[in-house]
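Numbering (UniProt numbering), first residue to last: 1 to 489.
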Ligand SMILES: *Cc1c(COP(=O)(O)O)cnc(C)c1O
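Shown next, in the form of structure tokens:
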């Protein structure tokens, strides 16, 4: 007998009350693929070349959906998972990608399915207070009092932009009585200057250009022998810009440079910023892990004197991407960027009674509940265990630095406060330039898939770079990697 035609087609693939069986099957199958990735991957990369990978994409036709999950997982495995970089292996020692903690992965399942949006209380009640409590906790780790505030962001570049935005708008409001949010740049804006070290992150330049100040506004200050901002050079650079008729408004220190993992002299810079009435932002995207260690916390002494801080939990708190925050010492400063929309966060609302995180966010309205990952992590592992990971990483990196220094055929450029080592292979007999040799080694290792190292240029010369961000990496792993570098070509 035919089914009565009045019955609508069964609802498929939508997350709703009748979908628990499909939901469970899909998530279980996805988890099985991840488990296989963990168990089968012995190398950090498959070594596939772009042309070979691209060729496989030609067959994919979005107008013809696949018949079932099985086929879908197979396709995604072939196109993506098999060639995904395995950040959890010690042989992945390239960029600032941490292995992630499992509690945060469990949180991800909840985050994406329940799909709260962190803009207003009516879109995320408990989530709003969880985020606020984590922000307050992060502020406490920095050493701020209960006047601090902040917001989760998509990453360090975005957090740095918020720092620069507040610095600029605060300067104009306080010293020029000009409201940039309402009236745009004052004529003085083309002379605003921001000081960073030569080794600061490139997002500072991008942010300055995005904000209409131009990259010219960013003054690069010389660094010392460990590539940290030189205090004398900062003082001189500020004087020089003043003499040129320019207007210093902010200094951005880096706690953990991307290239060397070293921390600028935070307390010394605080003194200079105070004397010159500059907004003081600290980019601790990488170095924030130091907040959690008792052994190395002293490296961040002075961070509590910053007006604002960038924290990347997805760099040094072992969180999945994205998880980041922008923290300010004085919550009132966030009022500078507040924008009211009648439908979302009307001006007349009492935000102590009905909070809205959107009041603190500049570039995101709908915003993921990333904070839940950190909640899971802290509640289960505690600050101590995360801090112990960071201690281990720093100790391994220092041991690795000494090891590289001892090798006659390697040159190390600097020790690291965290875990980045810049060096090159420089054997006695060379028939190509050391730059050429090291470039070739890096490429060879990458396409063999056995070891992934990064590289950088210092004074125009090419160097290899290790970023150690895995507490499971041992000095034996480092020895093996050095041997692979020696025998790469
Ligand atoms: C990674 C990094 C950034 C940028 O953070 P994203 O999360 O990648 O946007 C900024 N500053 C420093 C020092 C970094 O290492």
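All C-beta atoms, glycine included, are put in the ideal place defined by N, C-alpha and C. Bear in mind that the values here come from a model prediction, so they are computed numbers and not experimental data.
Rounded C-alpha distance that separates residue i from residue j
| i | j | result |
| --- | --- | --- |
| residue 131 | residue 254 | 25 Å |
| residue 369 | residue 25 | 24 Å |
| residue 447 | residue 74 | 24 Å |
| residue 439 | residue 456 | 10 Å |
| residue 182 | residue 338 | 11 Å |
| residue 53 | residue 112 | 29 Å |
| residue 429 | residue 202 | 36 Å |
| residue 97 | residue 453 | 12 Å |
| residue 86 | residue 13 | 30 Å |
| residue 242 | residue 205 | 20 Å |
| residue 378 | residue 138 | 11 Å |
| residue 196 | residue 458 | 17 Å |
| residue 58 | residue 36 | 26 Å |
| residue 396 | residue 481 | 14 Å |
| residue 1 | residue 30 | Because residue 1 sits at a pLDDT of 49, beneath the cut-off of 50, its placement in the model cannot be relied upon, and the following sentence gives the value as read from the coordinates. Computed Cα separation, rounded: 38 Å. |
| residue 210 | residue 179 | 18 Å |
| residue 224 | residue 16 | 59 Å |
| residue 167 | residue 71 | 52 Å |
| residue 336 | residue 169 | 7 Å |
| residue 261 | residue 298 | 15 Å |
| residue 257 | residue 156 | 12 Å |
| residue 380 | residue 142 | 21 Å |
| residue 473 | residue 10 | 51 Å |
| residue 325 | residue 418 | 20 Å |
Ligand 1 heavy atom lying under 7 Å from the CB of residue i
| i | result |
| --- | --- |
| residue 77 | no |
| residue 312 | yes |
| residue 280 | no |
| residue 324 | yes |
| residue 254 | yes |
| residue 203 | yes |
| residue 456 | no |
| residue 315 | yes |
| residue 283 | yes |
| residue 467 | no |
| residue 160 | yes |
| residue 390 | no |
| residue 38 | no |
| residue 121 | no |
| residue 85 | no |
| residue 138 | no |
| residue 300 | no |
| residue 223 | no |
| residue 374 | no |
| residue 426 | no |
| residue 363 | no |
| residue 290 | no |
| residue 366 | no |
Closer than 7 Å: residue i CB and nearest ligand 3 heavy atom
| i | result |
| --- | --- |
| residue 155 | As far as ligands go, the structure on display features ligand 1 and does not contain ligand 3. |
Same chain, Cβ closer than 7 Å to residue i, five either side skipped, listed in chain order
| i | result |
| --- | --- |
| residue 374 | 134, 313, 317, 319, 323 |
| residue 189 | 213 |
| residue 34 | none |
| residue 149 | 135, 328, 331, 334, 360 |
| residue 358 | 119, 120, 344, 345, 365 |
| residue 401 | 412, 415, 416, 421 |
| residue 99 | 87, 88, 318, 470 |
| residue 222 | 198, 230, 233 |
| residue 399 | 475 |
Same chain, Cβ closer than 8 Å to residue i, five either side skipped, listed in chain order
| i | result |
| --- | --- |
| residue 269 | 229, 231, 234, 251, 253, 280, 302 |
| residue 49 | 447 |
| residue 376 | 103, 104, 106, 107 |
| residue 46 | 82, 83, 449 |
| residue 464 | 422, 423, 424, 425, 438, 441, 442, 453, 454, 455, 485 |
Same chain only: Cβ atoms within 6 Å of residue i, ignoring 5 sequence neighbours per side
| i | result |
| --- | --- |
| residue 91 | 44, 451 |
| residue 164 | 207 |
| residue 321 | 314 |
| residue 294 | none |
| residue 477 | 90 |
| residue 66 | 72 |
Neighbour flag for residue i against chain B, beta carbons, 8 Å
| i | result |
| --- | --- |
| residue 153 | The structure shown contains no chain B; it is built from a single protein chain. |
Worksheet item: Does the count of Cβ pairs from the region 143 to 162 and the region 379 to 393 closer than 8 Å reach three?
Response: no
Discussion item. Can you confirm whether the region 172 to 191 touches the region 113 to 126 when touching is taken to mean that 3 or more C-beta pairs between the two stretches lie within less than 8 Å?
Written reply: no
Worksheet item: Is there contact here, the region 324 to 337 with the region 290 to 307, by at least three beta-carbon pairs under 8 Å?
Response: yes
Practice prompt. Enumerate, from N- to C-terminal direction, the unbroken alpha helix (DSSP H) stretches of 4 or more residues contained entirely within the region 347 to 408.
Written response: 371 to 406
Worksheet item: If you scan the region 88 to 149 from start to end, which runs of the alpha helix (DSSP H) of 4 or more residues do you find wholly inside it?
Response: 102 to 114, 125 to 142
Discussion item. Threshold first: 3 residues or longer. Then list the beta strand (DSSP E) segments lying entirely within the region 10 to 92, N to C.
Written reply: none
Item to complete: Counting only runs of 3+ residues fully inside the region 217 to 245, write out the beta strand (DSSP E) ranges in chain order.
Response: 218 to 221
Fill in: Runs of alpha helix (DSSP H) lying entirely within the region 171 to 203, each at least 4 residues, in chain order
180 to 183
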